[in-house]
Structures are given as structure tokens and as C-alpha cells.
Amino acid sequence: MKEENVLHVEICQRVDSTWSRETIEETVSTEFKTWKEVSLDIILHGKDFLNNIAIQNHVESIICSSNYIEKGKVKIEGATIKYYIYRLTQEGAATETMNSNSDELSVASHWLLPAQEFHYMWENLYYDCDIKNNLLHFVETTMLFSSLAVNSNIISWNKVVLLHGPPGTGKTSMCKALAQKAVIRMIDRFTHGKFIEINSHSLFSKWFSESGKLVMKLFDEIKSLVQDESALVCILIDEVESLAHARKSCNNGTEPSDSIRVVNALLTQLDQIKRYPNVLILTTSNMTEAIDLAFIDRADIKQYLGYPSEVAIYNIYHSCLKELMRTEILKREEICDISQLKLFGYTEDSNTKNSLKLLELSRVSEGLTGRTLRKIPFLTHALHLSTDKSTLSKFLKAMHSAILKVQQEGELQQS
Amino acid sequence: MFSRHKKGEMEIDIMLDEPLTNDSCTKVVIELVKYILYQKQQIPFAYEALARFQTSVKATDRNAVSFKTLSSMLKDVSDQLFSQFFLKGCDVKEVAILLGPTILSPKLCIAIEFPSYILNSKQHKEYQHSSRKPLLKLMRSLLECDEFQEAMNIPLSMTNMFIMLKKNDGNSASDFFLPKPQYILPTQQSTSCFRIKLGQSDQVNIECNCESLVAVYHDSFKIQLEDEDNVQYRQYNSSNQSLYQWYQSKQIIKGFKFHT
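Protein sequences, first through last, are from chains Y and B.
Quick note on numbering: UniProt numbering labels position 383 of the first sequence as 383, and the sequence is numbered without any gaps.
Quick note on numbering: UniProt numbering labels position 64 of the second sequence as 64, and the sequence is numbered without any gaps.
What follows is the structure, encoded as C-alpha cells:
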């Protein structure tokens with residue numbers, strides 16, 4: 001599919017703007033025509049368009065991206081541009097409840113996508129190779145096949161994604177970001193999205209043999225949400241091993257047979273719900289060996305998310321420092337991103353001094369998870385800095401000791 | 001969640017004897033909100049009882065604090081709704097009250113359709129066009145409607161209440177009622193839907209002597225805006241249905257439980 005490179009322009013419309021999508025698209029495209037090139041994967045805030053009042057008043061942010069090039073700039077002239085215009089919903093998660101024997105169980109959290117809460121999540125996830133784009137392509141292909149009604153008896157796809165890997169590597173965040181991104185990219189086909197996070201622990205009943213029925217009931221509820229064909233429904237089953245526990249291990253009698261029924265109910269319900277064209281099931285786990293084989297077999301994509309590499313760590317630190325500068329905890333100083341560093345050939349001068357130091361820190365931090373990495377700037381400030389505002393070089397030095405401390409703790413935990 | 005009802009929505013036609021003013025429209029909506037909040041067990045006591053209760057306890061009482069938040073939420077919605085009637089280029093046709101986790105999966109949905117003309121309450125006075133009469137009529141009709149009462153009796157745990165507004169707005173921004181293009185009121189099986197149609201009987205006399213009334217000295221209505229268009233009522237155009245779309249109130253109303 002190496003066709004022409006498409007420039008995806010995602011325009012987030014301000015929530016109070018009453019303009020139609022067409023007007024917004026026209027405004028932005030006329031603005032773009034006056035530009036020569038545009039930077040990819042950088043958030044352009046609407047309020048920064050100082051000479052275009054219409055964009056200031058109606059556009060929250062613009063993000064441009066391309067399938068094959070990451071970072072850098074793209075010439076606008078001659079590029080095929082696709083516009084996606086969306087608005088964010090302001091509300092957070094709402095709890096869906098279900099009645100069971102006069103008890104009311106809160107079985108799922110429900111978000112309407114694109115949600116404010118998940119905004120910029122995708123942009124702030126850094127992985128190696130093309131994991132993010134591959135997942136997005138998978139979702140797009142799924143929806144393409146479904147909408148063209150490809151015969152599922154001939155070509156089979158289950159609409160199940162399984163993300164696995166050690167804790168803190170961003171599996172759940174990835175699911176949320178992926179759902180948000182997919183809704184934005186397919187805004188022409190679906191007017192909005194629903195994101196449903198199932199509370200799997202609430203599905204186990206105190207009554208023997210009830211648990212399987214609860215799973216059935218839950219999927220009944222989901223089916224009623226799926227009826228609305230203008231919505232893309234993403235279902236997240238976090239820590240899926242609690243629902244799809246390997247049935248084999250039940251043989252030794254430590255697991256009650258009730259949990260086998262849960263797995264059976266889940267598997268049959270998954271087979272039923274995949275018939276709907278607008279469903280996507282996202283699952284995460286960090287104990288793949290505990291998941292039932294029949295479930296793993298149903299997952300189309302089994303993506304391993306591991307520890308970030310040096311480059312990814314650099315990107316994560318870079319975004320953290322940028323955020324600290326934005327909130328003015330850190331003095332504003334120039335800091336290169338990884339592609340700029342490569343361009344300079346990693347030579348040290350006054351400009352790249354701090355960036356190279358950061359690269360060194362990234363090398364030291366290898367083996368830490370994404371969650372820990374994002375914690376480090378906070379720990380640095382809490383443990384080693386007392387002033388409100390510090391310089392970058394001082395901060396980097398403090399960061400080094402914070403990293404060492406975290407690593408020591410990790411070693412202690414393991415031993 | 002499993003209150004399976006007959007599919008489709010139930011219509012409740014109400015013929016009012018009195019014309020509505022902007023003021024009474026807003027009051028009717030807010031009173032209905034209060035009624036639903038209590039009936040669906042989102043607040044522990046009737047709204048008026050709570051209002052009395054909070055004057056009798058310390059200001060730091062947890063229930064009093066919760067009530068104050070609720071009443072300021074309602075006031076906010078009511079003020080904003082009222083101001084929508086006076087916005088130039090904006091035409092309000094319907095208000096919907098949704099009760100449920102999200103606007104797409106509500107458990108209860110009540111749409112209120114306003115009559116085709118509404119008197120301008122800057123020119124028509126409250127003491128000539130009382131809001132009590134239409135409200136009384138509405139409440140009586142709702143009490144007489146068995147299906148509505150049945151829906152009210154189904155208990156519901158704590159959830160969100162959304163106020164939606166269907167209007168035709170020519171302005172480029174709407175900052176309290178946020179535009180939701182393509183939104184339609186849900187028709188799922190698990191939702192009980194009601195549509196309250198407020199209408200006026202033909203013989204209603206909209207000619208009144210509000211114009212010629214002598215303004216009471218120091219009356220708050222004295223601020224008659226000079227540049228106000230000299231319209232006694234506003235009427236929406238039924239020919240351009242497609243221009244009307246839904247707007248969602250930024251303020252989500254949440255009830256509270258009684259803390260002992």
C-alpha cells in the first residue's frame with residue numbers, strides 16, 4: 001500500500017464554535033495555502049495563529065501527520081491533504097450500571113469520544129518502529145472490511161486487539177489513545193465514538209453459576225449501545241486474564257468451575273458481537289501465560305509493548321522538559337529533538353550541550369518503564385531542587401541522581 | 001438499566017389556557033427538573049424542603065453545602081436558558097432533560113416542545129401572565145399520565161442530568177450551550193422517552209394590556225430597553241427544520257445523597 005503520501009490534518013474545533021465543518025475546513029485550507037511547509041506531529045494551537053482571527057476563534061488545535069514520515073517537515077504544495085474536523089466532549093467517565101437480582105452493579109465506565117481527557121494522549125506515547133501506526137492501520141482495515149461487508153466466512157477477522165507487556169509500558173493508555181485516534185480518523189463514517197471500559201471484577205457474582213450470566217447480561221447491554229450505527233464502539237477489557245483465565249489450569253481444582261463459565265460466556269459473546277460492523281475490542285494483559293488459548297487465538301493483533309529504547313526515552317524526557325518549561329518551573333532554554341541531534345551529527349557545541357547530556361541520561365535510564373520515566377522529572381524536583389525556577393543544566397544533573405535512586409530501588413525490589 | 005418499555009416515545013399534549021412568556025418557559029423547565037430530581041431519587045427530599053432545611057442548619061453542614069452547589073447549578077442553567085431567549089439570531093424550540101450516564105445512553109429522556117409563539121417577558125409582566133398556571137396544568141397532566149408516573153417510579157442510582165436545547169442559532173459561538181451537531185435524541189429500548197408538547201388553544205387571547213400598564217414605581221421591570229424590537233412575541237419558523245440542532249448545557253446537574 002505504498003501509494004501517494006497523504007497528509008492527515010486533524011483539526012480540533014472549539015467546543016463553543018457553531019460553524020459547520022465545511023466552513024472550518026475552508027478556513028484552514030486557505031490558511032495552509034499561504035504556507036510553504038508544515039511540521040509533522042507538532043500541536044499547532046489555534047490561539048497562536050495571530051494573523052487569522054477566524055482560526056483563533058474557532059479552532060482549538062491542529063495536528064498534521066503522515067503515515068510514513070515521522071517528525072520533520074512536509075511541503076504543502078502537491079501534497080494530498082485530508083482534513084478531519086472534530087469537537088471534544090467535555091465530560092469525563094460516566095458509570096454504566098446494570099441490575100442483577102435487585103443489586104445495582106456498576107459494570108463499566110463510559111466515555112464519549114473524542115474526549116477531552118484523552119486529548120494529546122496519542123502524541124505523547126512514544127514507541128519504536130511503527131507500532132502506533134500499525135495499530136491504527138489495523139483499526140482502519142477492520143472498519144473498511146466491515147463497511148464493505150467482506151464475507152467473514154471467507155476472510156476472517158475478529159476485531160480483537162491484545163496488547164501485552166510488563167506493567168507501566170502504556171498498554172491502557174495506548175488503548176484509550178488508539179480509540180480516540182480511530183474515531184477522529186473515521187469521523188466521516190462515524191459521527192462519534194463510545195469508549196467502554198469493563199470492570200471485569202464486578203462481573204463475578206457471589207452466587208455460584210451467576211457469573212457467566214452476568215457476562216451475558218453485560219454483552220446484552222453493549223449490544224444495545226452498538227445498535228447505534230453512527231457510533232464506533234470501543235470496548236476495553238483491562239487485565240483480560242481476570243475474565244479469560246486459562247481454563248486448563250482449572251483442572252487441578254484450585255479454580256471454581258464458575259470461572260470456567262465466565263471464560264466460555266466471554267468467548268461465545270465475543271463471537272457474536274464481532275458481527276456488528278462498528279465494534280472494536282481492545283484488551284490488555286501483563287500475564288499472557290494466564291490467558292486462555294482460545295481467547296489469544298481470537299485476537300487479530302497481539303502486540304508486545306516493551307521497555308522503551310534510548311530514542312523513545314529521549315523523546316519522553318524531551319516532552320517532559322518541554323512541559324516543565326511551559327509551566328515555567330524550568331527556565332526556557334533551547335533543547336533539540338532527536339532528529340535535530342542526528343542532523344548535527346551528535347557533535348557537541350554550546351547549542352547541543354544540554355541535549356547530549358539528556359541523551360546520555362536516556363542511555364542510563366534504559367530498562368525503566370514509561371510510567372517510571374514520566375515520574376522522574378517530578379521526583380527530581382521533589383528530592384533535589386528547592387528553588388522555584390532552575391536552569392536546565394542544573395535540572396539535568398539533579399535528574400541523573402534521581403534516575404540512579406529509582407534504579408537502586410528497582411534493584412532492591414527484585415532482590 | 002433493564003426498564004424495558006414499549007419502544008418509541010410517548011407524547012403528552014398539553015393545551016395551555018394562558019400564553020407562555022420567556023420567563024414562564026424557563027420556570028416550567030426548572031420546576032420540572034426539580035420534580036424529576038426528587039422523583040428519580042437524585043436528591044433526598046423535595047427541592048423546596050431542602051431549601052428550607054438548609055436555612056436551619058450550620059452553613060458547614062455537608063448536606064447544606066451539597067444543596068448550595070445544586071441550587072447554584074440550577075440557577076446557572078436557568079439564567080443561561082433565559083438569556084437564550086433574548087439572544088439575537090437565536091431561536092429556541094425545544095428543551096430536553098436527560099437522566100443517565102451520558103447523553104447517548106440516558107435512562108430517561110423528556111423533551112419539552114415550546115408553543116410556536118412565546119411572549120416577550122420584557123414587555124409582558126409576571127402579574128399579568130403568571131407562570132403558576134401553566135405549571136399547574138403541566139403538573140396535573142403529568143400526574144394523570146400513568147406511563148409517566150410509572151417511569152418516575154423506577155428507582156435509579158446516582159447519575160448525571162443533562163439539559164439539552166434545540167435551537168437555531170446564527171451566532172458564531174455558543175459558550176454555555178455547546179453545539180452537538182448530528183445529535184438526535186436516543187430511541188434505545190432501555191430509554192423511556194417522553195415528549196411534552198406545550199400548545200395553546202386557538203381562542204387564547206394574546207392581546208393584553210401589558211403595554212399600557214402603569215409601571216409600578218421601583219419595579220424591576222422598569223428597565224424597558226429602548227432599542228428592543230417592538231415585538232410582543234417571537235415565533236419560530238417551521239419551514240427550516242434543518243437549521244435547528246441540539247446544544248448541550250455545559251453544566252451537568254448532579255444530585256446528592258443525604259449524609260447523616
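Don't be surprised by glycine CBs; every beta carbon is placed ideally from N, CA and C.
Keep in mind the model is a prediction, meaning the values are calculated, not measured.
Would the beta-carbon of phenylalanine 138(Y) fall within 8 Å of that of aspartate 300(Y)?
Numbered from its first residue, the first sequence carries residue 138(Y) at position 138. Numbered from its first residue, the first sequence carries residue 300(Y) at position 300. Taking 8 Å as the Cβ cut-off, phenylalanine 138(Y) and aspartate 300(Y) qualify as a contacting pair.
Verify the CB distance criterion: does serine 174(B) have a CB-CB separation below 8 Å to chain Y?
Looking up residue 174(B) in the second sequence gives position 174. Against chain Y, the CB of serine 174(B) has a partner CB under 8 Å away; the residue lies at that interface.
Could you have a look at alanine 64(B) and say whether DSSP puts it in helix, strand or coil?
Position 64 of the second sequence, counted from the first residue, corresponds to residue 64(B). Three-state DSSP puts alanine 64(B) in a helix.
Which word fits glycine 170(Y), buried or exposed, when buried means at least 16 other C-beta atoms lie within 10 angstroms of its C-beta?
The count along the first sequence starts at 1 and reaches residue 170(Y) at position 170. Glycine 170(Y) should be labelled buried.
DSSP three-state label for threonine 26(B), please.
Indexing the second sequence from 1 puts residue 26(B) at position 26. The answer is helix: DSSP assigns threonine 26(B) an H, G or I state.
How far does the beta strand (DSSP E) with alanine 111(B) in it extend, from its first residue to its last?
Your numbering for residue 111(B) matches position 111 in the second sequence. Boundaries of the beta strand (DSSP E) harbouring alanine 111(B): 108 to 113, taken from the DSSP string.
Are any of the Cβ atoms in chain B nearer than 8 Å to that of lysine 331(Y)?
For the purposes of this step, residue 331(Y) is taken as the residue at position 331 of the first sequence. At a cut-off of 8 Å between C-beta atoms, lysine 331(Y) does not count as an interface residue with respect to chain B.
Nearest-angstrom beta carbon gap, tryptophan 122(Y) and lysine 82(Y) [assumed within contact, 8 Å]
Indexing the first sequence from 1 puts residue 82(Y) at position 82. Indexing the first sequence from 1 puts residue 122(Y) at position 122. Not quite, the Cβ-Cβ distance comes to about 17 Å (not below 8 Å), so this is no contact.
Beta carbon of tyrosine 84(Y) nearer than 8 Å to that of isoleucine 184(Y):
For the purposes of this step, residue 84(Y) is taken as residue 84 along the first sequence, with counting starting at 1. For the purposes of this step, residue 184(Y) is taken as residue 184 along the first sequence, with counting starting at 1. The Cβ-Cβ distance between tyrosine 84(Y) and isoleucine 184(Y) falls below 8 Å.
Just checking my contact of valine 240(Y) with lysine 194(Y) at CB under 8 Å: how many whole Å lie between their CB atoms?
Mapped onto the first sequence, residue 240(Y) falls at position 240. Mapped onto the first sequence, residue 194(Y) falls at position 194. Incorrect: roughly 19 Å between the Cβ atoms, too far for contact.
So within the segment 254 to 316 of chain Y, which uninterrupted alpha helix (DSSP H) runs reach at least 4 residues, ignoring any that extend past its ends?
Runs found: 257 to 273, 293 to 298.
If you count every other CB in all the chains shown that lies within 10 Å of the CB of proline 166(Y), and 16 or more means buried, which is it?
As a working note, residue 166(Y) is residue 166 in the first sequence. When all chains shown are included, proline 166(Y) counts as exposed.
Contact list for the UniProt domain "AAA+ ATPase" (157 to 309) of chain Y against chain A, Cβ threshold 8 Å
Here the protein chains are Y and B, and chain A is not one of them.
What does a CB cutoff of less than 8 Å around serine 209(Y) pick up in its chain, not counting 5 residues either side in sequence?
Start at 1 with the first residue of the first sequence, and residue 209(Y) comes out as number 209. So the qualifying residues of the chain are Asp258, Arg261.
Tell me, to the nearest whole angstrom, how far the beta carbon of leucine 81(B) is from that of valine 29(B); I am working on the premise that it is less than 8 Å.
Stepping through the second sequence from its first residue, residue 81(B) is reached at position 81. Stepping through the second sequence from its first residue, residue 29(B) is reached at position 29. In this structure, leucine 81(B) and valine 29(B) form a Cβ contact; the two beta carbons are roughly 6 Å apart against a cut-off of 8 Å.
Closer than 8 Å is the cut-off here; do at least three beta carbon pairs connect the segment 374 to 388 of chain Y with the segment 397 to 410 of chain Y?
In short, these stretches touch, since the Cβ pair count reaches three.
With 8 Å as the threshold, decide whether the Cβ of aspartate 91(B) is near any Cβ in chain Y.
Counted from its first residue, the second sequence places residue 91(B) at position 91. Cβ-Cβ to chain Y under 8 Å: no for aspartate 91(B).
Counting C-beta neighbours from all protein chains within 10 Å, is the total for asparagine 153(B) 16 or more, i.e. buried, or is it exposed?
In the second sequence, residue 153(B) corresponds to position 153, counting from 1. Per the 10 Å Cβ criterion, exposed.
Along the chain, where does the beta strand (DSSP E) that runs through histidine 8(Y) open and close?
As a working mapping, residue 8(Y) is identified with position 8 in the first sequence. In the DSSP assignment, histidine 8(Y) falls within the unbroken beta strand (DSSP E) covering 6 to 13.
Would you tell me roughly how many angstroms separate the C-alpha atoms of serine 106(Y) and serine 249(B), rounded to the nearest one?
Residue numbering aside, residue 106(Y) sits at position 106 when the first sequence is read from its first letter. Residue numbering aside, residue 249(B) sits at position 249 when the second sequence is read from its first letter. If you draw a straight line from the Cα of serine 106(Y) to the Cα of serine 249(B), it is about 25 Å long.
Under the three-state DSSP convention, the category methionine 161(B) falls into
On the second sequence, residue 161(B) is found 161 positions in, with the first residue counted as 1. Three-state DSSP puts methionine 161(B) in a strand.
Please identify the residue among Ala96(B), Ile110(B), Leu135(B), Val92(B) whose C-alpha is closest to the C-alpha of isoleucine 118(B).
One-based indexing of the second sequence puts residue 118(B) at position 118. The shortest Cα separation from isoleucine 118(B) among Ala96(B), Ile110(B), Leu135(B), Val92(B) belongs to Val92(B).
Extract the residue ranges of the alpha helix (DSSP H) inside the segment 338 to 408 of chain Y, only unbroken runs of 4 or more that lie entirely within it.
Runs of the alpha helix (DSSP H) inside the segment 338 to 408 of chain Y: 338 to 343, 353 to 364, 370 to 384.
Within 8 Å, do at least three Cβ pairs link the segment 61 to 71 of chain B to the segment 133 to 144 of chain B?
No: the two stretches stay apart, fewer than three of their Cβ pairs being nearer than 8 Å.
Secondary structure at glycine 410(Y), three-state DSSP: helix, strand or coil?
Translated into the one-based positions of the first sequence, residue 410(Y) becomes position 410. Reduced to three states, the DSSP call for glycine 410(Y) is helix.
Please decide whether valine 59(Y) counts as near chain B, where near means a Cβ-Cβ distance under 8 Å.
Position 59 of the first sequence, counting from 1, holds the residue named residue 59(Y). Answer no: the Cβ-Cβ gap between valine 59(Y) and chain B never drops below 8 Å.
Measuring CA to CA, which of Leu44(Y), Ile43(Y), His58(Y), Val38(Y) is closest to glutamate 26(Y)?
Looking up residue 26(Y) in the first sequence gives position 26. Distance from the Cα of glutamate 26(Y) is smallest, within the candidate group Leu44(Y), Ile43(Y), His58(Y), Val38(Y), for His58(Y).
Can you tell me where the beta strand (DSSP E) with tyrosine 86(Y) in it begins and where it stops?
On the first sequence, residue 86(Y) is found 86 positions in, with the first residue counted as 1. It spans 80 to 87 - the beta strand (DSSP E) in which tyrosine 86(Y) sits, taken as one unbroken run.
I'd like to check one pair, cysteine 12(Y) with leucine 88(Y): are the Cβ atoms closer than 8 Å?
Numbered from 1 along the first sequence, position 88 holds the residue referred to as residue 88(Y). Numbered from 1 along the first sequence, position 12 holds the residue referred to as residue 12(Y). Taking 8 Å as the Cβ cut-off, leucine 88(Y) and cysteine 12(Y) qualify as a contacting pair.
Could you tell me the alpha carbon to alpha carbon distance between cysteine 193(B) and lysine 40(B), rounded to whole angstroms?
For the purposes of this step, residue 193(B) is taken as residue 193 along the second sequence, with counting starting at 1. For the purposes of this step, residue 40(B) is taken as residue 40 along the second sequence, with counting starting at 1. Rounded to whole angstroms, cysteine 193(B) to lysine 40(B) spans 15 Å at the Cα level.
One or two residues paired with arginine 195(B) in a DSSP bridge
Mapped onto the second sequence, residue 195(B) falls at position 195. Arginine 195(B) pairs with Glu11(B), Ala111(B).
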